[in-house]
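Participant: For the sequence shown, full-length UniProt numbering begins at 1 and goes up steadily by one.
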Amino acid sequence: MTDQEAIPLMKPYKMGQFELSHRVVLPPMTRLRSYGNVPQPHAALYYSQRATKGGLLISEGTVVSAVGAHGYPNLPGIWTQEQVEAWKPIVDAVHRKGGVFICQIAHVGRVSNGDSMPDGEPPVSSTDKVVTPDAETGMVYVKPRRLRTDEIPGIVDEFRRAARNAIDAGFDGVEIHGAHGFLLEQFMKDSANDRDDEYGGSLENRCRFVVEIVDAVVREVGAHRVGVRLSPFVDYMDCVDSDPVALGTYMVEQLNRYEGLLYCHMVEPRMAIVDGRRQIPHGLLPFRKAFNGTFIAVGGYDRDEGNKIVAEDYADLVAYGRLFLANPDLPRRFELDAPLNKYDRSTFYTQDPVVGYTDYPFLDDDANDLNNEA
Ligand SMILES: Cc1cc2nc3c(=O)[nH]c(=O)nc-3n(C[C@H](O)[C@H](O)[C@H](O)COP(=O)(O)O)c2cc1C
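#1: Is it buried or exposed for A179, if we count other Cβ within 10 angstroms and need 16 for buried?
#2: Can you list, in chain order, every residue whose CB sits closer than 7 Å to a heavy atom of ligand 1?
#3: Return the CA-CA distance between I273 and K289, expressed in angstroms with no decimal places.
#4: To the nearest angstrom, how far is the alpha carbon of V240 from that of K189?
#5: Please decide whether H22 counts as near chain C, where near means a Cβ-Cβ distance under 8 Å.
#6: Would you tell me roughly how many angstroms separate the C-alpha atoms of C207 and L336, rounded to the nearest one?
#7: List the endpoints of the continuous alpha helix (DSSP H) containing Y301.
#8: Confirm, please, whether the CB-CB distance from L261 to G248 is below 8 Å.
#9: Specify the secondary structure class of S125 as computed by DSSP and reduced to three states.
#10: Between the C-alpha atoms of W87 and P39, what's the straight-line distance to the nearest angstrom?
#11: In three-state terms, what does DSSP make of C207?
#12: For the candidate residues D197, V318, V210, S242, whose alpha-carbon lies nearest to that of H177?
#13: Within the continuous beta strand (DSSP E) that includes Q104, where are the two ends?
#14: Tell me where the beta strand (DSSP E) around E175 begins and ends.
#15: Answer with buried or exposed for V245, where buried requires no fewer than 16 other C-beta atoms within 10 angstroms of its C-beta.
#16: Pick out the complete beta strand (DSSP E) segments inside the stretch 253-280, 3 residues or longer, and give them in chain order.
#17: For M139, which residues from the same chain have a beta carbon less than 7 Å from its beta carbon, with the 5 sequence-adjacent residues on both sides left out?
#18: If we count the other Cβ atoms within 10 Å of its Cβ and call it buried at 16 or more, is M271 buried or exposed?
#19: Y343 by DSSP, collapsed to three states: which one?
#20: Could you check which residue in E253, E158, V217, R225 has the C-alpha nearest to that of F171?
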């Protein structure tokens, strides 16, 4: 930049021990290109394309066990040594560019069409209620098996081991996936949790499983390496809560118990139509105010909206999903206020190692094209 002051999104920020050079975050995005649950060399190119010196990247949802991967054949895993070894060069590629790289650790629970489950067993959940078929995608889910109370410590331990494995693979920390209707939300939200043991009923009981996971992961790798993602307002996969503000507030209070927790990452409610325009509802303010540490907001943001919420201190960092997927050099484009590539939804979840994955052009590519044409 010249003598102009940097835009809010380009201002540096200290997140725990990390000196971030800007506020533009790559959020977790499943890309289904980790064949047989093993991360592939093409992921090193994909993530390093999006890495910047002092930029924060969060990996796609990475599952903690074979059971946790149920129904999504090519999700990356982090429960075997082979997977840990496969992650290492990918993490190295991001570090070589000076990026900070966090691994999102996840368990899908009942969000499963029945494929890829070891021995054809049903998926596990807080409940035995099946997810309603998705009319748009045609996806049909299978009936899950309700976890017994005595099985829950085993799942908590899978998250603990996954976090250790992520650190062994070189990641700078982990993000616990407590969003979007996956297993942790199946416990937290009252539309999905119909248990009558100490993991069901009251808000405190419904959140117990997640709090136990945070506790175990923090004890294993340290609060300074643990972030948590939550989406109290979102209604994916039949996971809805009758009081999302109470749920989000309770969870933030629980996170505040960990001194120096790396961050809280929250998903906005669905876009609302106001005066004929799609608008971000900005529903996260109570949680931003209640949380003691770094707060990341995500969901529908663009350059202007991101600048605005950083300037207003609504969030410390802003994550950009689809825009970052389609613009590997998104922070630079924001800095220059350059035009953006459009994302191609049809290739979000395909398996090609290049198309719709590592072939989105950089700004410089456009310049080269123009030079070639001239
Ligand atoms: C292709 C794709 C895959 C996604 N996978 C994940 C995921 O693995 N874990 C997760 O927590 N969110 C996932 N999300 C949600 C994004 O992290 C983000 O919250 C969402 O895209 C909204 O941000 P945006 O409006 O900037 O795109 C995914 C989104 C997309 C588009």
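All C-beta atoms, glycine included, are put in the ideal place defined by N, C-alpha and C.
Model, not experiment: these values are computed from the prediction.
Facilitator: On the basis of the coordinates in this document:
#1: Counting from one through the sequence shown, the residue named residue 179 turns up at place 179. A179 should be labelled buried.
#2: P27, P28, M29, T30, R31, E60, G61, Q104, A106, H177, A179, H180, R229, V267, V298, G299, G300, Y301, A319, Y320, G321, R322, L323, L325, F348, Y349
#3: Within the sequence shown, numbered from 1, the residue matching residue 273 stands at position 273. Within the sequence shown, numbered from 1, the residue matching residue 289 stands at position 289. Rounded to whole angstroms, I273 to K289 spans 26 Å at the Cα level.
#4: Counted from its first residue, the sequence shown places residue 240 at position 240. Counted from its first residue, the sequence shown places residue 189 at position 189. Rounded to the nearest angstrom, the two C-alpha atoms are 6 Å apart.
#5: Considering every chain present, this structure includes no chain C. It has just one protein chain.
#6: Position 207 of the sequence shown, counted from the first residue, corresponds to residue 207. Position 336 of the sequence shown, counted from the first residue, corresponds to residue 336. Cα to Cα, the separation comes out at about 43 Å.
#7: Within the sequence shown, numbered from 1, the residue matching residue 301 stands at position 301. Per DSSP, Y301 belongs to no alpha helix (DSSP H) and is neither H nor E.
#8: Here residue 248 refers to the residue found at position 248 when the sequence shown is read from its first residue. Here residue 261 refers to the residue found at position 261 when the sequence shown is read from its first residue. Going by C-beta atoms, G248 is not nearer than 8 Å to L261.
#9: Translated into positions along the sequence shown, residue 125 becomes position 125. Note: S125 maps to strand in three-state DSSP.
#10: Here residue 87 corresponds to residue number 87 of the sequence shown, with the count starting at 1. Here residue 39 corresponds to residue number 39 of the sequence shown, with the count starting at 1. Going by the C-alpha atoms only, they are around 6 Å apart.
#11: By 1-based counting over the sequence shown, the position of residue 207 is 207. The answer is helix: DSSP assigns C207 an H, G or I state.
#12: If you number the sequence shown from 1, residue 177 lands on position 177. For H177, the nearest C-alpha among the options comes from V210.
#13: Numbered from 1 along the sequence shown, position 104 holds the residue referred to as residue 104. Its beta strand (DSSP E) spans residues 100-106.
#14: Locating residue 175 in the sequence shown gives position 175, where the first residue counts as 1. Unbroken beta strand (DSSP E) run through E175: 173-178.
#15: Here residue 245 refers to the residue found at position 245 of the sequence shown. Label assigned to V245: exposed.
#16: 263-267, 272-274, 277-279
#17: Numbered from 1 along the sequence shown, position 139 holds the residue referred to as residue 139. Same-chain partners within the cutoff: N113, P133.
#18: On the sequence shown, position 271 is the one that residue 271 refers to. M271 should be labelled exposed.
#19: Position 343 of the sequence shown, counted from the first residue, corresponds to residue 343. Correct three-state label for Y343: coil.
#20: Within the sequence shown, residue 171 is the residue found at index 171, counting from 1. Of the candidates E253, E158, V217, R225, the one whose C-alpha sits nearest the C-alpha of F171 is R225.
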